[in-house]
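Input: a single structure, listed below in structure tokens.
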Amino acid sequence: MSRLAIVLALALGALPSVAVAGGKDRPSMVDTINRARDKHGAPALRHNAALSRSAKRYARHLLRTGNFGHAGRIRADGRFTHLGELLARHRGRKPRRSRTVRGWLHSPWHRPVLLGNQFRLVGVGRVKGRRRTIWVVHVGAR
């Protein structure tokens, strides 16, 4: 496959959500979440662009305002029957995907959202500040 075809396929979502950097495959947060869901018997989630937009928008808002907490309402485009949100922040600029997902699995509030069978779609937002990283994951069902 030509380099242009790979770039177009990634842009259009035709390939699995794996980022390639420096020739090494690096799993995405969606992959990390789906491995955890599989390990616990929950079906895999599919990436959803509307949920990613809302997650990225909210992650930027949290970093910009210096606040950290759930909003009263998840503002996602599209018609979703169920929505859920996972938030995490940690020191440093490295992604720490596995550590973040393990934290959600050990949280009595986040675990049901992470493993919820009612959810089928996922969007991820990550922002890096000077000394911290913020993750926002929005999950949904239609």
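Numbering of the sequence shown is given in my numbering, commencing with residue 2 and proceeding in unit increments. By construction, the Cβ of each residue, glycine as well, lies at the ideal position given by its N, Cα and C atoms.
Based on the DSSP output, what are the partners of residue i in its beta bridges?
i    : result
W136 : A89, R127
A142 : H83
L122 : R47, G141
Take the Cβ of residue i as the centre, count every other Cβ of all protein chains shown within 10 Å, and call the residue buried at 16 or more, exposed below.
i    : result
S55  : buried
A89  : buried
T134 : buried
T101 : buried
H41  : exposed
H111 : buried
F69  : exposed
A45  : exposed
N118 : exposed
P109 : exposed
Alpha carbons only, please: which of the options is nearest the one belonging to residue i?
i    : options             : result
V125 : R38, R132, E86      : E86
R143 : T82, R58, R92, V114 : T82
K57  : I75, A43, R47       : I75
Leaving out five residues before and five after residue i in sequence, what residues of the same chain have Cβ atoms less than 7 Å from its Cβ?
i   : result
A77 : A51, L52, S55, L84, H139, G141
If I measure Cβ to Cβ from residue i and keep anything under 6 Å in the same chain, skipping five residues before and after, which residues do I get?
i   : result
M30 : R98, V125
N49 : L122, G124
Is the beta carbon of residue i sitting closer than 8 Å to the one on residue j?
i    : j   : result
V128 : R61 : yes
Ordered along the chain, which non-local residues of its own chain (more than five positions away) have a Cβ less than 8 Å from that of residue i?
i   : result
R71 : This sequence places His at residue 71; Arg is not what is there. The answer, listed in chain order, is E86, L88.
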